[in-house]
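> Everything in the sequence shown is counted per the working numbering, starting at 203 for the first residue and increasing by one. The beta carbon of each residue, even a glycine, is placed where N, CA and C say it ideally should be. These numbers come from a predicted model, not from an experiment.
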Amino acid sequence: MSQATSFAATAGTLVVASARANASSSCSTTRSSQLGSSFFDRRLKIRQVTKGSLAKGSQREVTAVRAMDSFLGMLGLGSHGPANFDPADVAIAQGPDDDKPVSGCEFACFGAGCFWGVELAYQRVPGVYKTEVGYTQGQMHMPTYEAVCSGMTGHSEVVRVQYNPAEVSYETLLGVFWDRHDPTTLNRQGGDVGTQYRSGIYTYTPEQERIAKQSLENHQRSLNRKIVTEILPAKKFYRAENYHQQYLAKGGRMGFKQSAEKGCKDPIRCYG
């Protein structure tokens with residue numbers, strides 16, 4: 203038996219075991235949804251273990267589900283290939299972000315790993331009037347956090363800011379973006395692994411695109427490794443669940459509030 207066949211058989215066993223363990227859950231009509239239902243839950247548990255939300259995490263389960271993720275990717279169902287979604291829903295999700303900023307402000311959108319810490323960094327920037335965390339660039343209409351964490355929807359965790367260009371420049375916002383994460387790691391920031399954590403700048407105008415590309419070229423000169431940040435037009439933005447909004451400023455899981463005061467330079471501690 204080849205290594206690939208052995209791996210597929212092992213991962214296939216994991217899929218079957220997962221399906222049996224979740225037999226009491228609602229039935230689905232397609233194989234992808236049957237796998238996806240339990241898979242979403244288990245991927246979320248991995249996220250919780252990584253973030254420290256669980257007092258004790260089973261490393262064996264984490265390893266097993268990651269193997270399952272790879273196997274589903276081979277089938278075109280995991281993070282390496284999106285599941286089959288309704289074409290009409292895909293058209294909406296892949297359409298432009300048609301929301302409107304408040305008068306006098308413009309949108310900017312950034313993906314730089316877990317959106318909790320990124321949002322707090324932008325909350326502190328003078329000239330930024332509103333921040334929201336959410337999901338964009340994916341295939342699923344109205345995605346949930348659990349679905350995005352599965353890696354099957356193609357979405358990126360992002361922060362969308364509304365800023366007044368008379369008070370803060372787009373270049374300054376890009377500076378925060380580069381400072382906040384490592385743009386040379388593909389689909390990963392620290393312990394957070396998955397395509398939803400990819401580095402991305404999502405633009406609203408040709409001018410933003412031009413400035414972003416120039417900023418990337420300039421930042422690349424200061425790094426030894428290649429930047430993997432994607433620069434793409436912003437697609438439909440889906441606001442994340444309320445408990446994710448201003449998460450660290452509100453105290454997070456431990457109730458330790460971190461300052462969102464404009465100009466604050468306190469270190470940002472991102473915890474679940």
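#1: Return yes when the C-beta of proline 385 is under 8 Å from any heavy atom of the ligand NAP, and no when it is not.
#2: In chain order, what residues of the same chain lie with their CB nearer than 7 Å to the CB of valine 320, ignoring the 5 residues before and after it?
#3: What number of angstroms, rounded off, separates the C-alpha of serine 424 from the C-alpha of asparagine 389?
#4: What does a CB cutoff of less than 7 Å around glycine 336 pick up in its chain, not counting 5 residues either side in sequence?
#5: Residue range of the alpha helix (DSSP H) that glutamine 422 falls in?
#6: Could you tell me the boundaries of the alpha helix (DSSP H) in which alanine 304 lies?
#7: Runs of 4 residues minimum, wholly inside the region 326-368: which ones carry the alpha helix (DSSP H) assignment?
#8: Cβ of isoleucine 433 within 9 Å of Cβ of threonine 386?
#9: Three or more C-beta pairs under 8 Å: does that hold for the region 283-302 against the region 412-423?
#10: So what does DSSP say about isoleucine 429, is it helix, strand or coil?
Short version:
#1: By its list of ligands, the structure shown contains no ligand whatsoever, and the ligand NAP lies outside what it can speak to.
#2: Once the five neighbours on either side are set aside, the close Cβ partners of valine 320 are Phe312, Ala314, Val361, Arg382.
#3: Roughly 21 Å separates the two Cα atoms.
#4: Excluding sequence neighbours, glycine 336 sits near Val360, Arg362, Phe439, Tyr440, Arg441, Ala442.
#5: Membership of glutamine 422 in the alpha helix (DSSP H) is indicated by the continuous run 408-422.
#6: Note on identity: in this sequence residue 304 is valine, with alanine being the wrong assignment. Annotation for valine 304: no alpha helix (DSSP H) segment contains it, and DSSP assigns it neither H nor E.
#7: Segments of the alpha helix (DSSP H) lying fully in the region 326-368: 347-351.
#8: For isoleucine 433 and threonine 386, no; Cβs fall outside 9 Å.
#9: Flag = no, the region 283-302 and the region 412-423 do not touch.
#10: DSSP, read as helix, strand or coil, puts isoleucine 429 in coil.
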